[in-house]
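Residue numbers (this note's numbering): 46 to 108.
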């Protein structure tokens, strides 16, 4: 599950205390995997834990 993922559509995110938008095609990196959660690194020192289902719904794995 670790690796680079591509956003399927424009989306607004809340990570920690930051709120921001990413455009379709933006790339993020999953750096850690827990039982039901993944740590998504959005860049610019912004990262947070999300459910695996959130990752699967909004992102596709880069080939």
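Idealized CB from N, CA, C, for every residue including glycine.
Between residue 105 and residue 91, the alpha-carbon positions lie close to 20 Å from each other. Per DSSP, the continuous alpha helix (DSSP H) segment holding residue 102 begins and ends at 97-103. Secondary structure at residue 60: strand, using DSSP grouped into helix, strand and coil. In the three-state reduction of the DSSP assignment, residue 46 falls in the coil class. Cβ neighbours of residue 54 within its own chain (closer than 8 Å, five residues either side excluded): 69, 103.
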